[in-house]
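Numbering-wise (numbering that gives the first Met the number 0), the sequence shown opens with residue 0 and increments by one.
What follows is a short report on a single structure.
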Amino acid sequence: MNSLLSGMPELKLGLNDKILFEQTGRSRFWCPLATRGKLVEMEDIKFHQCVRLAKFEQDRTIVFIPPDGKFELMSYRLNTTVKPLFWVEVVLDNYTHSKIDYTVRLKSQYKARSYANNVEVMVPVPSDANSPYFKASVGTVKYTPDQEAMVWYIKSLGGQKEHSMKAKFGFPSVADQNRDRFKKEPVQIKFEIPYFTVSGIQVRYLKIVEKSGYHALPWVRYITQHGLYQIRMF
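As structure tokens, then:
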């Protein structure tokens, strides 16, 4: 959260109507969340120290007096199998002593009406690769030798879309003894999807409780970011 409120007003946060919390330890809770008839288990829910835990334990209401600026109000972990947001397939063609060809396929598996912004697919390449050539159906590709990878950048990617990219590299006449090391490295993906949550959790209301007639405009924004998102090549 980012609080720009003056004074020390008390806030009350309401989540999904059918949300249910059960305490499993001090400051840790377990939450089966009903979303479209399905149950999503949220474990190890932790609150910022500004949250009144006694109030939460009493009636499951999240009440707090926010500190100034940005802070993390609540964190949790999903214990439910979630369909990956992206699927990536890497195929190596013509891997010889003098060259290597790649075919990379990327599919977005989130809802068609959602869009991921600033998508970066980092694919490992041999340590001594040179003379790069790229051809992508969408976006741009660049070779980053310091990271021993090529990065496929897509500014905006809609859900339920599939794209491909081809790459070619050459090799020097004297091979690097660590050339095959790239096969053990994972593909890494960076992205952010606005107005989208993997867990299905939603903010129903954010009320400012202030008897003096305090006026403010609560604003809620949903965004899913990549964190550490890796896919093994082989």
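Using N, Cα and C, we set each Cβ at its ideal position, and we do this for glycine too.
- Beta-carbon contacts of His-225 that lie in its chain and below 8 Å, excluding the five residues immediately before and after: Ile-188, Lys-189, Phe-190 and Glu-191
- Whole-number beta carbon distance between Ser-163 and Val-103, since they are thought to touch under 8 Å: 7 Å
- Item | Thr-23 to Met-73 span [Cα, whole Å] | Confidence at Thr-23 is low in this model, with a pLDDT of 47, below 50, so the placement of that residue is unreliable and no value is reported for it.
- Task: Label Lys-82 either buried or exposed according to how many other C-beta atoms from any shown protein chain fall within 10 Å of its C-beta, with 16 as the threshold for buried.
- Result: exposed
- Count the other CB atoms within 10 Å of the CB of Ser-136; is the residue buried (16 or more) or exposed (fewer)? exposed
- Message: What does the Cβ neighbour count give for Met-7, buried or exposed, with the cut at 16 atoms within 10 Å?
- Response: Looking at its Cβ environment, which holds fewer than 16 other Cβ atoms inside 10 Å, Met-7 is exposed.
- Query: Taking the C-alpha atoms as reference points, what is the distance between Lys-54 and Thr-60?
  - Reply: Straight-line Cα distance between these residues: approximately 6 Å.
- According to the Cβ coordinates, are Ile-153 and Leu-4 closer than 9 Å? no
- Is Gln-176 near Gln-108, with beta carbons less than 9 Å apart? No, the pair does not count as a contact, with Cβ atoms beyond the cut-off.
- Give a yes or no on contact between the stretch 117-133 and the stretch 195-204, applying the rule of three or more CB pairs nearer than 8 Å. no
- Keeping to the same chain, check which residues put their C-beta closer than 6 Å to that of Glu-88; ignore five residues upstream and five downstream. Arg-104
- Integer-rounded CB distance, given that Pro-185 should sit under 8 Å from Met-232: With a contact defined as Cβ atoms closer than 8 Å, Met-232 and Pro-185 qualify at about 7 Å.
- Message: If you reduce the DSSP assignment to three classes, tell me which class Glu-56 lands in.
- Response: helix
- If you draw a straight line from the alpha carbon of Asn-78 to that of Met-41, how long is it in whole angstroms? 6 Å
- Message: Let me make sure I understand the geometry here. Which of Glu-9, Phe-181 and Asp-100 has the alpha-carbon closest to that of Pro-131?
- Response: Asp-100
- CB of Ala-128 within 9 Å of CB of Tyr-114, strictly: no
- Message: Output needed for Leu-14: all residues of its chain with C-beta closer than 8 Å, excluding positions within five of it in sequence on either side, in chain order.
- Response: Ile-61, Ile-200, Gln-201, Val-202 and Arg-203
- How many angstroms separate the CA atom of Phe-181 from the CA atom of Thr-223? 29 Å
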